[in-house]
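**Q**
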Amino acid sequence: MKTFSFPEDFLFGTATAALQIEGGDKNNNWYEWCELGKITDGTHCIVANDHWNRVEEDIDLMKQLNSQTYRMGIEWSRIEPKPNEYNKEAMDHYRDEIEQLIKAGIHPLVTLHHFTNPLWLEKKGAWTNSEAIDHFLNFTNYVVDQLGDIVSDWVTINEPNVYLTSGYFLGLFPPGEKGSTLTYFKAAKNMILAHLKAYKLIHKKRKEKNLTGTKVGVAHHLRIFEPKNGTRLEKLSCKLISRSFQGIFLEGMTLGKLISPVGSGYPEGKGVFVDFIGINYYSRDIIEGTFNPLVMFGNRLVKEGAPTNDLDWEIYPEGIYRLCKDVYAKYNLPIYITENGTCDANDDFRTKYIYDHLFYLHRAIAEGVPVQRYYHWTLMDNFEWLEGFSARFGLIKCNFDTLERVIRRSGHFYSELCKEKAVTDSIYEKYKDSF
Ligand code: FCB
């Protein structure tokens, strides 16, 4: 099928994270990590895209992309520089940004935690310390007091699995610990509990003010795991990896159910603790060999001969369809694609990437899966966690010397598609050389 369309009430937009674009904040764990010289290309997050000072310009770019919604992060360390001390000025800055978005007709979805911690929390052991739960709730409480009247849609936590595997298992994110399986599951439990409590808190606070339409969820990083040779042991390995990497968070944060090895039972009661399931989808892993708890995530390979992006991640569009079908069959809840995108410095294959993934998304919808939103990762090239500025995921190219932003061809394609909520005949004709 060459052309396809989305329901009228479907929303398209882009996603970003505060630290990756804002610049200017020294009070978080990632600033310190950069200072330690941990970023592979030697770049630093201290300026990033200087979005903090360019909010108007960037909202104007979102308008040019015909965005209907925007998933943005707010930086905890700016808002709560010391425990229980809040920075009203920082809060007002975000309020102003969100008011500008709403005025521009762009519906905000606000992420409370996206990989970064205030330094004071990091020094206490961050999420490995169960005190993080109350700290997160205090922060959430303050933010919802300040923004709850204009923000109805929230992501409590972004990709707890990537945050924890990278920080405590692979040593790639701060605090750089390696192989700490027990720490991983302990911190996972704290993050699950924090979400469950934050879900209740946000709903309660908005309800008290007679505000309706509250939507709270988690942005889960979901991957497809497939056995290389199809042996029984490899299949078992895939199941175990999938459970430790995503199953524990999906079950825990959606239904409030702790499954082993994180725990058991329903600490916050039985129920449904999300209003949508957020899926961040990027790639698939081929698993070779058997599950070894010491290399928790198995031997992950790229499928032979498959197309890959600049970071060597397999491009596997059908995966988005398979995940949506599976997650809906299991939880029967609306789905937002809270991230999907690719690293392509020369914009060689991003247009096709979007076209192919949206084709599969449209197919899932046609088969009855209630996918309601798509947030492309990302608005503009920004500070990518491991690689710095060299990994380019933007619909908009950013020159990090001048901070000039220029919409890429894939950005123009996305813009036209967002406007029509479809790949029409004329859009197809115009961009077909890319497909
Ligand atoms: C996801 C992160 C996001 C971005 C993309 C490329 O795992 O949530 O911040 O780095 O990957």
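Take any residue in the sequence shown, count from 1 to its spot, add 3: that is its number in our numbering.
By construction, the Cβ of each residue, glycine as well, lies at the ideal position given by its N, Cα and C atoms.
Per DSSP, which one or two residues make a beta bridge with W157?
**A** What you label residue 157 is simply residue 154 of the sequence shown in a count that begins at 1. According to DSSP, W157 bridges with V113 and V219.
**Q** Per DSSP, which residues does G8 bridge with? Please list them.
**A** In the sequence shown, counting from the first residue as 1, residue 8 sits at position 5. Strictly speaking, residue 8 in this sequence is Ser, with Gly absent from that position. BP columns for S8 point to A425.
**Q** Just to confirm the assignment, what range does the alpha helix (DSSP H) spanning V305 have?
**A** The residue you call residue 305 lines up with position 302 of the sequence shown. Run containing V305: none; DSSP gives neither H nor E here.
**Q** First and last residue of the alpha helix (DSSP H) that includes G322?
**A** Stepping through the sequence shown from its first residue, residue 322 is reached at position 319. First-last of the alpha helix (DSSP H) with G322: E321 to Y334.
**Q** Kindly indicate the opening and closing residues of the alpha helix (DSSP H) around R209.
**A** As a working mapping, residue 209 is identified with position 206 in the sequence shown. Segment T184 to E211, the alpha helix (DSSP H) holding R209.
**Q** So what's Q103 in DSSP terms, helix, strand or just coil?
**A** Working through the sequence shown from its first residue, we reach residue 103 at position 100. Correct three-state label for Q103: helix.
**Q** Would you tell me roughly how many angstroms separate the C-alpha atoms of E390 and D313, rounded to the nearest one?
**A** Walking along the sequence shown from the start, residue 390 turns up at place 387. Walking along the sequence shown from the start, residue 313 turns up at place 310. Rounded to the nearest angstrom, the two C-alpha atoms are 11 Å apart.
**Q** Using DSSP with H/G/I as helix, E/B as strand and the rest coil, what is L497?
**A** The shown model of the chain, from 4 to 438, leaves out residue 497, and the question about it has no answer.
**Q** Buried or exposed: which applies to L39, given that a residue is buried once 16 or more other Cβ atoms fall within 10 Å of its Cβ?
**A** For the purposes of this step, residue 39 is taken as the residue at position 36 of the sequence shown. The residue in question, L39, is exposed, as its Cβ has fewer than 16 Cβ neighbours within 10 Å.
**Q** Since I believe F9 is in contact with K424 (beta carbons under 8 Å), could you give me their beta-carbon distance rounded to a whole number of angstroms?
**A** To locate residue 424, count along the sequence shown from 1; it is residue 421. To locate residue 9, count along the sequence shown from 1; it is residue 6. Indeed they touch by this definition, with Cβ atoms about 5 Å apart.
**Q** What's the gap between the Cα of N69 and the Cα of G16?
**A** To locate residue 69, count along the sequence shown from 1; it is residue 66. To locate residue 16, count along the sequence shown from 1; it is residue 13. Approximately 8 Å between the Cα atoms of the pair.
**Q** So I160 packs on M194, CB below 8 Å; how close in whole Å?
**A** Translated into the one-based positions of the sequence shown, residue 160 becomes position 157. Translated into the one-based positions of the sequence shown, residue 194 becomes position 191. Contact holds; Cβ gap of about 6 Å.
**Q** Assign A135 to buried or exposed, taking buried as 16 or more other Cβ atoms, counted over all protein chains shown, within 10 Å of its Cβ.
**A** Taking the first residue of the sequence shown as 1, we reach residue 135 at position 132. Burial call: buried.
**Q** Less than 9 Å between the beta carbons of M383 and K355, yes or no?
**A** As a position in the sequence shown, residue 383 is number 380, starting the count at 1. As a position in the sequence shown, residue 355 is number 352, starting the count at 1. No; because the gap between Cβ atoms is not below 9 Å, this pair is not in contact.
**Q** Pull up the distance between the alpha-carbon of E271 and that of V265, whole angstroms please.
**A** In the sequence shown, residue 271 corresponds to position 268, counting from 1. In the sequence shown, residue 265 corresponds to position 262, counting from 1. In a straight line, the C-alpha of E271 is about 15 Å away from that of V265.
**Q** If you compare alpha carbons, which of S393, R411, Y434 and Y358 is closest to C48?
**A** Locating residue 48 in the sequence shown gives position 45, where the first residue counts as 1. C48 has its Cα closest to that of S393, out of S393, R411, Y434 and Y358.
**Q** Starting from E291, follow the beta strand (DSSP E) in both directions and report where the run begins and ends.
**A** Reading the sequence shown from its first residue, position 288 is the one you call residue 291. Where E291 is concerned, the enclosing beta strand (DSSP E) stretches over F279 to E291.
**Q** So does Q23 have its beta carbon nearer than 8 Å to some heavy atom of ligand 1?
**A** Against the sequence shown, residue 23 aligns to sequence position 20. Q23 Cβ: within cutoff of ligand 1.
**Q** For E59 and Q103, I'd like the C-alpha separation in whole angstroms.
**A** Numbered from 1 along the sequence shown, position 56 holds the residue referred to as residue 59. Numbered from 1 along the sequence shown, position 100 holds the residue referred to as residue 103. If you take the alpha carbons of E59 and Q103, they lie about 8 Å apart.
**Q** Are P84 and E125 closer than 9 Å when you measure CB to CB?
**A** Here residue 84 is taken as the residue at index 81 of the sequence shown, counted from 1. Here residue 125 is taken as the residue at index 122 of the sequence shown, counted from 1. It is not a contact, given that the beta carbons lie outside the stated cut-off.
**Q** Please report how far the alpha carbon of K212 lies from the alpha carbon of K218, in whole angstroms.
**A** Here the question's residue 212 lines up with position 209 in the sequence shown. Here the question's residue 218 lines up with position 215 in the sequence shown. Distance between the alpha carbons of K212 and K218 is about 15 Å.
**Q** Is any heavy atom of ligand 1 found at a distance shorter than 8 Å from the C-beta of T381?
**A** Numbered from its first residue, the sequence shown carries residue 381 at position 378. At least one heavy atom of ligand 1 is nearer than 8 Å to the Cβ of T381, so yes.
**Q** Count the other C-beta atoms from every protein chain shown that fall within 10 angstroms of the C-beta of F276, then say buried if there are 16 or more, exposed otherwise.
**A** Within the sequence shown, the letter at position 273 stands for residue 276. Per the 10 Å Cβ criterion, buried.
**Q** Looking at the C-beta of G414, does it have a partner C-beta in chain C at a distance below 9 Å?
**A** The structure shown contains no chain C; it holds only a single protein chain.
**Q** Nearest-angstrom Cα distance between V372 and C327?
**A** As a first step, residue 372 must be located in the sequence shown, where it is residue number 369. As a first step, residue 327 must be located in the sequence shown, where it is residue number 324. Distance between the alpha carbons of V372 and C327: 7 Å.
**Q** Start and end of the alpha helix (DSSP H) containing I82?
**A** Position 79 of the sequence shown, counting from 1, holds the residue named residue 82. I82 -> alpha helix (DSSP H) spans W79 to I82.
**Q** Which first and last residues belong to the alpha helix (DSSP H) in which I24 is found?
**A** As a working mapping, residue 24 is identified with position 21 in the sequence shown. From DSSP, the alpha helix (DSSP H) with I24 extends over A21 to I24.
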